[in-house]
Amino acid sequence: MLYTIKRLIAIAFFFFAFCITAAAQRTDIRGFGDVTTTYQNKKMSFGFDEQDLFITSQLTDRISFLGETVFKPDSSSHSGFDVSIERIIIKYNYAGNNNLLIGKHHTPINYWNDTYHHGRVFFPTIFRPLLFDAGYIPLHTTGISLEGHDLGKLQFGYNLMVGNGLGSQDVLDNDKSKSVTALVYIKPVDRLRIGASYYHDVIQKGAEVHNHPATLNWKVKQHLFTGSVAYFGKKYELLAESTMGLNHTDSTGTTRSFASYVYTGYHITEKLIPYVRIDNLAFQDDEVYFNKDNTTAFLAGIRYQINFLTVVKLEYMHQHSRYNGDINKVTAQFAIGF
């Protein structure tokens, strides 16, 4: 039933996008994709990741539309693929650089999720930080938000969002509670952004949450606090983010966990950038919501930017986790935008 609903939503989205293409003042349709080669466990594999369809349209001088749909491999699907609507946003510019947004968003909880989205050609590394796959942060929120950017001398920015909580579907909330996200940041000098965010939700007992294999056995009150520093200069690159998660249940009290990563890159030339990244996931033994798979990872790679929308990367990663032990792999990626 859920698969049928998702397909109907996808069909409706494409119909809406087609209508906009015919009638809008200006519509842009872009795409992103990549292919990979991975060597792991003495075996080489070829593959590809998400193929991203990105549509934007300026409907009036104040109203615009953004849609992002991803096609990706899915072994559980009868076709071997899945279609996922990642973002549908209608934006109303009500004053200057201040906007009202309604729809399905990437939750503005950290710099990576708020900036890179699904265009892997823009990623500084091949893969996202570990906290994404670990289900540590809410990747999407369907709701309403107020945002502003480049305000004042410090180029202050903010995003205040209220939406359906974790365990909800795109078209229906699973309870009365609403998630709340608040992001603020400044850009005091060129290419530097310093930010902090707060996320709160009440996750009901019995909820099924994305990237969490088991049904929740407790009602959980969640608070996420995130700090980030991003600097992408002409010579040096730095992106450091850390999230502290507090999960509270009436029976177990409050547990505290941390998910962090640090990325650095150096421009040998304008197009050639070697880089490293360190990830760390740390959980308490009595954690009731997150998968308690304490993990550290180190990766080193090199990125060659043929041009803005054509990038080649080669990277080595060593990962050690509580449940899976040591993993070593080498991955090459060719990513494009068009």
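Mapped onto mature numbering (1 follows the signal peptide of the UniProt record, and there is no 0), the consecutive letters of the sequence shown carry residue numbers -24 to -1, 1 to 314.
Glycine included, C-beta positions come from ideal geometry on N, C-alpha and C.
- If you ignore the 5 residues before and after residue 92, its C-beta comes within less than 6 Å of the C-beta of 98 and 99, all in its own chain and listed in chain order.
- Taking a contact as a CB-CB distance under 8 Å, the pair residue 167 and residue 207 counts as one, their CB atoms being some 6 Å apart.
- Residue 198 and residue 253 have their alpha carbons spaced roughly 28 Å apart.
- For residue 65 and residue 43, the gap between their C-alpha atoms comes out near 6 Å.
- Residue 24: member of the beta strand (DSSP E) spanning 19 to 24, first to last residue.
- When secondary structure is reduced to three states using DSSP, residue 280 falls in the strand class.
- Bounds of any beta strand (DSSP E) do not take in residue 262, whose DSSP letter is neither H nor E.
- Bounds of the beta strand (DSSP E) holding residue 58 are 57 to 71.
- Cβ atoms of residue 279 and residue 251 come within 8 Å of each other, at about 6 Å.
- From the listed residues 101, 272, 282 and 216, the smallest Cα separation to residue 248 is found for 282.
- Beta-bridge analysis with DSSP links residue 223 to 198 and 231.
- In the DSSP annotation of this structure, the continuous segment of the beta strand (DSSP E) that includes residue 126 starts and ends at 116 to 127.
- By the CB criterion at 7 Å, residue 202 and residue 85 fall inside the cutoff.
- Between residue 106 and residue 276, the C-beta spacing is not below 7 Å.
- DSSP places residue 205 in the strand class (E or B) of the three-state scheme.
- Residue pairing by DSSP places residue 6 opposite 30 in a beta bridge.
- For residue 89, the CB contacts under 8 Å within the same chain, skipping 5 residues up- and downstream, are 82, 83, 108, 113 and 115 in chain order.
- Within its own chain, the residues whose Cβ lies closer than 6 Å to the Cβ of residue 21, once the five positions on either side in sequence are excluded, are 14, listed in chain order.
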